[in-house]
Ligand SMILES: Nc1ncnc2c1ncn2[C@@H]1O[C@H](COP(=O)(O)OP(=O)(O)OP(=O)(O)O)[C@@H](O)[C@H]1O
Ligand SMILES: [Mg+2]
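In our numbering, the protein residues as written are -15 to 243.
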C-alpha cells in the first residue's frame, strides 16, 4: 500500500471569480520516497501540501495517508511552510520545542532535541532570539528545525530553502538528504529550482499552469547516496534536466499569458 494516495483532488477557492487551484490531481507516493513538486507560481503546489497536512479541505477527490483520509494535522506529518509560520512571541528555541510540548516530552529532552536540530541548521547561539530579530533565511531554518524535531514519518516541505543564500542552501540540501537516508522519512519537496528538484528526488512531479494538473512524473535515475553538488555535473543529470525543463517551460510561458 502506498503511504500517500491522492485521487482526483480538486480545490476551488470561491470568490467573485472562482479560483481552481487544483484540478483532478492524482498521485501516489511510496514510503521512504523523496518526491519533488515543481510548477509555475499559482499552480496549487502549496495548496496540495496544505490539504495533505489537513489544513485545507479538498473540494472534490480524496487524500489518504497510510490508508486513512486526512482530516486534520497529525504527528505523522511535519510541515515546513513557505512563509515560515513561526510564533512571534516565542523565542527560536521555544518555537522549535512547540511540537515536542504538544507531545508532552519532558523539558530536558525538549531542550536537547531542539538544541540538536538548531545546531543542524546552523543556528546555535540564536536560541534566545525572537523571529523578528532574524533574517528571512534564519527564520526559514528555524521552521526546518521545528519540522525535523518531531521526526514525522512524512515531511511536507514548501520551498524550504528558497530564502537561503546559495552556499547555505547546498549545505542544507546535503543535510536533508543525509537525514532522509538515515530516517527513511517520506518527503514531498516543493521548489522552483529545477536543479535542486532533480538533485534531491527519486521522482519529479511537474504541474501545469493553473488550474494545477499533473503534466508529467519524471523518474530520476541517479544512484544513491548522492552528492548533491557532484551529481549536477553528470550526463544523466543533464538529460533529466533537459527533459524536465522542456515540459516545464511551456507551462511557465502559459502562466505568464494568464497573469
Ligand atoms: N486561502 C486561499 N484563498 C483564496 N485563494 C487561494 C488561497 N490559497 C491559494 N489560493 C489561490 O490558489 C492558487 C494556487 O495557490 P498556491 O499557493 O497553492 O500556488 P503555488 O503553486 O504554491 O504558488 P507559488 O509557487 O507562488 O508558491 C492561486 O491562484 C492562489 O491565489
Ligand atoms: Mg506555494
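Beta carbons are placed, not taken as given, at the ideal position from N, Cα and C, and that holds for glycine.
- If you measure from each CB to the nearest heavy atom of ligand 1, the residues under 5 Å come out as -3, 3, 5, 25, 26, 27, 28, 29, 30, 31.
- In this structure, the alpha-carbon of residue 155 lies about 41 Å from that of residue -2.
- Relative to the non-hydrogen atoms of ligand 2, the Cβ of residue 66 comes within a distance shorter than 7 Å of at least one.
- Residue 46 sits in a strand when the DSSP states are folded into three classes.
- Scanning 51, 211, 118, 125 for the CA closest to the CA of residue 104 turns up 125.
- Residue 146 sits away from residue 24, with the two beta carbons spaced by 8 Å or more.
- Annotated three-state conformation of residue 10 is strand, per DSSP.
- The straight-line gap separating the alpha-carbon atoms of residue 22 and residue 54 is approximately 23 Å.
- Distances from the alpha-carbon of residue 191 to those of 163, 231, 206, 158 put 231 closest.
- If you look at residue 20, you'll find it isn't in any alpha helix (DSSP H); it sits in the beta strand (DSSP E) that goes 18 to 22.
- Residue 214 sits exposed, since fewer than 16 C-beta atoms from the chains shown fall within 10 Å of its C-beta.
- Ligand 2 approaches residue 142 closely enough that one of its heavy atoms is under 7 Å from the residue's Cβ.
- In this structure, the CA atom of residue 101 is about 15 Å from the CA atom of residue 158.
- Membership of residue 202 in the beta strand (DSSP E) is indicated by the continuous run 198 to 203.
- Put simply, of 189, 57, 196, 182 the residue whose alpha carbon is nearest the alpha carbon of residue 218 is 182.
- Looking at the DSSP output, residue 28 sits in no beta bridge, so it has no partner there.
- Here residue 200 has 190, 231 as same chain residues with Cβ atoms under 7 Å from its own Cβ, once five neighbours each way along the sequence are excluded.
- Inter-segment contact for the region 24 to 43 and the region 108 to 121 is absent: fewer than three beta-carbon pairs are separated by less than 8 Å.
- For residue 62, the enclosing beta strand (DSSP E) stretches over residues 61 to 64.
- Non-local C-beta neighbours of residue 222 in its own chain, meaning closer than 7 Å and more than five positions away in sequence, are absent.
- Just measuring C-alpha positions, the residue of 177, 205, 127 sitting nearest residue 79 is 127.
- Considering only 72, 161, 166, the residue with the shortest C-alpha distance to residue 173 is 161.
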